Amino acid sequence: MFVGLTPIRVSSLSRQQSASASLRRRRRGAWRDPLPHRTWQASVLVQWGEHARTAAVAVVTAVWLHCAPVQVQAAALSAPTPTQLIEEAYMLLQENYIDTRMITPTLLEHALSPPLPRNVAQAGQRIEEELLRPLQDRFTRYVPREQMEHLLRFDGSGMGMLLRRVDARVAAASRDATEAASFPGVVPRVPVSPGDLYVSSPPVRGSAADRAALQAGDVIDRIQGVDATGGRVLPFEAANLMQGVDGGTVTLTIRGRGDVQLVRRVLGVHASSARRVVTYGQLGRTGVIRIREFNALARPGVEQALQHFFGDAATAPMRAPSVPVQRLVLDLRSNGGGSLEEAIDVASLFLGPNVPLAYMSNESGAELAVTTRSPTHLYAQGRSLPMVVLVNDHTASASEVVAGALRDQCRAALVSVGIAANHTYGKALVQGVFGLSDGSGLVITVGKYVTPVVREQIQGRGLHADRHVLGLWSALPPWLGASMAEAELFDRDAKAFGSPALCPSPATHTLPAGGVAEGA
Numbered sequence: 008m009f010v011g012l013t014p015i016r017v018s019s020l021s022r023q024q025s026a027s028a029s030l031r032r033r034r035r036g037a038w039r040d041p042l043p044h045r046t047w048q049a050s051v052l053v054q055w056g057e058h059a060r061t062a063a064v065a066v067v068t069a070v071w072l073h074c075a076p077v078q079v080q081a082a083a084l085s086a087p088t089p090t091q092l093i094e095e096a097y098m099l100l101q102e103n104y105i106d107t108r109m110i111t112p113t114l115l116e117h118a119l120s121p122p123l124p125r126n127v128a129q130a131g132q133r134i135e136e137e138l139l140r141p142l143q144d145r146f147t148r149y150v151p152r153e154q155m156e157h158l159l160r161f162d163g164s165g166m167g168m169l170l171r172r173v174d175a176r177v178a179a180a181s182r183d184a185t186e187a188a189s190f191p192g193v194v195p196r197v198p199v200s201p202g203d204l205y206v207s208s209p210p211v212r213g214s215a216a217d218r219a220a221l222q223a224g225d226v227i228d229r230i231q232g233v234d235a236t237g238g239r240v241l242p243f244e245a246a247n248l249m250q251g252v253d254g255g256t257v258t259l260t261i262r263g264r265g266d267v268q269l270v271r272r273v274l275g276v277h278a279s280s281a282r283r284v285v286t287y288g289q290l291g292r293t294g295v296i297r298i299r300e301f302n303a304l305a306r307p308g309v310e311q312a313l314q315h316f317f318g319d320a321a322t323a324p325m326r327a328p329s330v331p332v333q334r335l336v337l338d339l340r341s342n343g344g345g346s347l348e349e350a351i352d353v354a355s356l357f358l359g360p361n362v363p364l365a366y367m368s369n370e371s372g373a374e375l376a377v378t379t380r381s382p383t384h385l386y387a388q389g390r391s392l393p394m395v396v397l398v399n400d401h402t403a404s405a406s407e408v409v410a411g412a413l414r415d416q417c418r419a420a421l422v423s424v425g426i427a428a429n430h431t432y433g434k435a436l437v438q439g440v441f442g443l444s445d446g447s448g449l450v451i452t453v454g455k456y457v458t459p460v461v462r463e464q465i466q467g468r469g470l471h472a473d474r475h476v477l478g479l480w481s482a483l484p485p486w487l488g489a490s491m492a493e494a495e496l497f498d499r500d501a502k503a504f505g506s507p508a509l510c511p512s513p514a515t516h517t518l519p520a521g522g523v524a525e526g527a
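Just remember that the numbering used here sits 7 ahead of the position in the sequence shown, which is counted from 1.
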């Protein structure tokens with residue numbers, strides 16, 4: 008469900024090895040308290056599903072299912088042996104790695120060569136050395152149980168669990184005790200059919216799923232009343248259905264148990280840290296929103312900024328600005344990415360629902376469209392005012408998805424500032440988070456993405472800015488630099504809604520399926 012992961016929750020469509028860039032504290036004018044913090048680059052956890060293929064993103068869903076009579080369940084839910092854990096990891100790589108040609112039987116043979124590991128720690132080391140290292144993919148990695156729990160605490164869904172989708176092998180194991188005994192992984196607690204969804208690993212302690220007493224092997228028949236059986240709901244869709252505000256409820260129908268209500272609880276973030284993720288302020292008539300990473304706080308933070316700029320005084324957290332906002336700047340400089348799910352939610356505020364954000368594919372050519380959703384709150388100004396996106400060479404992963412989509416959909420131009428490079432980082436690989444039956448997990452590269460209209464290849468190249476500005480205003484206090492910033496960022500001769508090569512005049516262009524661009 009989520010897509011996101013490690014303190015920032017992950018991902019990178021960004022970099023899976025978290026990299027951090029220290030930011031300096033700045034308090035000027037109307038800017039909201041940018042506290043010192045670290046910008047994590049994480050790999051994007053996104054649900055990727057091609058038949059049985061699925062990826063889950065921080066507390067998102069990975070999906071499999073199986074069915075099994077009672078005698079099968081007991082074996083399936085017992086602690087896995089070190090050998091079973093290695094076999095389970097190999098199976099996940101076979102099903103989900105971006106290039107399955109690299110997942111050969113030789114890898115498993117080497118991983119199970121004598122002397123066999125005697126405990127989980129040794130099994131994890133063997134997985135890293137014999138299954139993952141030969142792939143030469145620094146974004147695909149083994150995650151020990153303790154780190155896995157921490158990773159899932161940044162799940163934007165607030166559920167604290169991973170789901171998987173059943174395939175033929177799982178279904179067979181669920182009906183045959185012999186198959187189940189040799190099956191590497193969790194077997195559902197009740198009989199299931201291919202396409203069903205079940206909880207694939209132990210829920211995070213203290214999470215919504217844990218508090219509702221969900222267990223590994225529980226089968227989910229309905230999500231918020233929507234039939235999830237037989238492949239009617241893919242993992243990515245399941246994640247979307249469970250999205251919502253922190254403290255809201257989600258009703259799941261558990262096979263053999265009935266309806267269970269879960270209260271969303273985003274464990275990895277606190278209100279006191281919200282301002283570290285999204286800050287906002289005004290430069291004259293320009294509203295500026297800075298997002299440092301895409302985690303569970305990103306969408307609420309951007310909504311708060313839009314509410315401040317355009318909402319009424321009774322509901323806005325601050326007094327409505329005395330000078331009306333007529334332009335928007337989305338600052339994604341040094342944003343290393345994070346959760347793709349959260350990035351989708353943020354982009355939806357500026358594009359409206361059902362607009363393509365990117366296309367993801369694997370080496371076999373299978374393709375998956377990533378589209379925006381219906382935002383919780385719609386602000387017409389967020390989808391219509393002239394807008395630019397600030398980028399630099401540390402804008403990566405999920406940030407590149409958002410920037411590339413806003414430009415391709417003619418919603419915004421990309422602008423680099425000052426001495427920074429005029430291109431983004433170039434991380435277009437997608438990672439999924441998969442739980443193992445002992446509570447540990449794998450972060451696996453499951454695909455790569457291109458922009459939605461031009462199909463621009465970003466991996467290793469980055470997105471090139473539409474124009475470059477000196478940015479002298481950034482060294483001045485807001486009251487002095489406002490007019491200079493507006494002149495540079497929204498030059499009358501520049502196309503405000505995207506690349507001049509792709510987009511018509513901003514005064515006449517209409518966005519697809521949701522957003523209407525109007526002239527300033």
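Backbone N, C-alpha and C fix where the C-beta goes; we use that ideal spot for every residue, glycine too. These numbers come from a predicted model, not from an experiment.
DSSP places Gln289 within a strand segment (E or B) once states are collapsed to three. The stretch 456-475 makes no contact with the stretch 230-240: fewer than 3 CB pairs, one atom from each, lie closer than 8 Å. At a Cβ-Cβ threshold of 8 Å, Leu158 and Ser207 do not count as neighbours. The three-state reading of DSSP puts Thr256 in strand, counting E and B together. The Cβ neighbour count for Arg172, taken over all protein chains shown within 10 Å, is at least 16; the residue is labelled buried.
With respect to Thr402, Arg306 sits apart: the two C-beta atoms are not nearer than 8 Å. For Tyr432, the closest C-alpha among the options Leu241, Gln466 and Ser447 is that of Gln466.
Counted as a single uninterrupted DSSP element, the stretch harbouring Gly202 is not any alpha helix (DSSP H), since DSSP gives it neither H nor E. Membership of Val353 in the alpha helix (DSSP H) is indicated by the continuous run Leu347 to Leu358.
Distance between Val240 and Ser368, taken at the CA atoms: about 20 Å.
The three-state reading of DSSP puts Pro363 in strand, counting E and B together.
One Cα belongs to Asn342, the other to Arg462, and the distance between them is close to 22 Å. Per DSSP, Thr378 is not a residue of any alpha helix (DSSP H); the beta strand (DSSP E) it occupies stretches across Glu374 to Thr378. In the three-state scheme derived from DSSP, where H, G and I count as helix and E and B as strand, Ser189 is classed as helix.
The beta carbons of Thr147 and Val450 sit closer together than 8 Å. Residue pairing by DSSP leaves Tyr432 without any beta bridge partner. Boundaries around Gly265 are those of the beta strand (DSSP E), Gly265 to Val270, since no alpha helix (DSSP H) includes it.
With respect to the C-alpha of Glu407, the residue from Asp338, Met168 and Glu116 having the closest C-alpha is Asp338. In terms of Cβ geometry, Pro141 and Leu114 form a close pair [threshold 8 Å]. Val193 and Ala223 have their alpha carbons spaced roughly 7 Å apart. By the Cβ neighbour-count rule, Trp486 is exposed, with fewer than 16 other Cβ atoms within 10 Å of its own. Just measuring C-alpha positions, the residue of Leu100, Pro89 and Ile105 sitting nearest Val437 is Ile105. Between the alpha carbons of Ala187 and Met98 lies a gap of roughly 15 Å. In this structure the stretch 301-318 does not lie against the stretch 364-381, because fewer than three pairs of beta carbons, one per stretch, are closer than 8 Å. For secondary structure counted as the alpha helix (DSSP H) over 4 or more consecutive residues, the stretch 392-420 holds these complete runs in sequence order: 405-415.
Note on geometry: alpha-carbon atoms of Arg334 and His117 lie some 59 Å from one another. DSSP places Arg229 in the uninterrupted beta strand (DSSP E) bounded by Val226 to Ile230.
The residue among Val422, Tyr205, Val309 and Ile93 with its C-alpha nearest the C-alpha of Glu300 is Val309. According to the DSSP assignment, Gly308 belongs to the alpha helix (DSSP H) that extends over Ala305 to Phe317. Scanning its chain for C-beta atoms nearer than 6 Å, with the 5 sequence neighbours on each side dropped, one finds around Ile110 the residues Leu100, Gln101 and Tyr104, in chain order. Taking a 10 Å sphere around the C-beta of Gln250, we find 16 or more other C-beta atoms and assign the residue as buried. Ranking Glu493, Asn247 and Arg176 by CA distance to the CA of Met394 puts Glu493 first. Annotated as distal: Asp217 and Ile261, with beta-carbon spacing of 8 Å or more. Within the same chain, Ala180 come within 6 Å of Phe190 by CB-CB distance, once the 5 residues on both sides are set aside.
Rounded to whole angstroms, the gap between the alpha carbons of Asn126 and Leu269 is 34 Å. Using a Cβ distance threshold of 8 Å, Val362 and Leu397 do not count as a contacting pair.
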